[in-house]
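In my numbering, the protein residues as written are 4 to 195.
Okay, structure first, notes after.
And the structure:
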């Protein structure tokens, strides 16, 4: 049996953009300049703002916390999270608030900072192979490199994690891109 002949592909005529209109009077310089300006306005290349690239681990400053904390930028997590100890719900002016201690459990003598923030909501977190867990969510202001942002953070015991702060996709999409092979790029201002 002989190999089948390749199917014939119909010829496609390439689309050619229409030529720029020519002024009616080729000696009319004003009309030619106006036409050139119109063509140039349409033909300008589109450029995007540069996007900053961050490492998978960065230093972060949380407003009200004295020392810089390590943050893991995790594209696998939706919501950001922070290590919180001694969590306590209370009411202030008829609204629910939460009081907690921020610290870096990986340090031998970490600073301990008490934070009070309005409770945004209670999130139900489903961990693999476990029941869902209720976690308090607060909004915190923070700085990563020269970017100052505010975002939702779940309050969590992260003492067994690599970093006391996890930055999830909800904030990464605002920050920029993450290079999973590098760390501490924020201060170097590397852009795509």
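We put the CB at the ideal spot given by N, CA and C, even for glycine.
Query raised in the report: Which word fits residue 79, buried or exposed, when buried means at least 16 other C-beta atoms lie within 10 angstroms of its C-beta?
Result: Residue 79 should be labelled exposed.
Report task. Work out the CA separation of residue 55 and residue 178 for me, nearest whole Å. Result -> Their Cα atoms are separated by approximately 7 Å.
**Report entry** Distance between beta carbons of residue 115 and residue 128, contact taken as under 8 Å
**Finding:** Actually they are not in contact, since the Cβ atoms of residue 128 and residue 115 sit about 25 Å apart, beyond 8 Å.
**Report entry** Interface flag, residue 160 vs chain E, CB-CB below 8 Å
**Finding:** Checking the listed chains, one finds no chain E in this structure; it contains a single protein chain.
**Report entry** Pairwise C-alpha distance: residue 95 and residue 83
**Finding:** 25 Å
Report task. May I ask you to list the residues that DSSP assigns as paired with residue 121? Result -> Bridge partners of residue 121: 100.
Query raised in the report: Which value, in whole angstroms, describes the spacing of the CA atoms of residue 117 and residue 64?
Result: 15 Å
Report task. Using alpha carbons as the reference points, say which of 88, 61, 89, 142 lies closest to residue 77. Result -> 61
Query raised in the report: For the alpha helix (DSSP H) that residue 173 lies in, which residues bound it at each end?
Result: That run of the alpha helix (DSSP H) goes 172-178.
Query raised in the report: For residue 71, which residues from the same chain have a beta carbon less than 8 Å from its beta carbon, with the 5 sequence-adjacent residues on both sides left out?
Result: Counting only Cβ-Cβ distances below 8 Å, and skipping sequence neighbours, we find 62, 63, 64.
Requested in this report: Please report the residue range of the beta strand (DSSP E) in which residue 54 lies.
Outcome: Premise fails: residue 54 is in no beta strand (DSSP E) and is neither H nor E.
Report task. Say whether the region 161-176 touches the region 184-195, bearing in mind that this needs 3 or more beta-carbon pairs closer than 8 Å, one atom from each stretch. Result -> Here the region 161-176 makes no contact with the region 184-195; the two share fewer than three CB pairs at distances below 8 Å.
Query raised in the report: When you compare only the Cα positions, how much space is there between residue 111 and residue 171?
Result: 27 Å
Query - Nearest candidate by alpha-carbon position, reference residue 122, set 58, 108, 141 - result: Nearest C-alpha to residue 122: 141.
Query raised in the report: Would a C-beta distance cut-off of 8 Å place residue 86 and residue 163 closer than the cut-off?
Result: no
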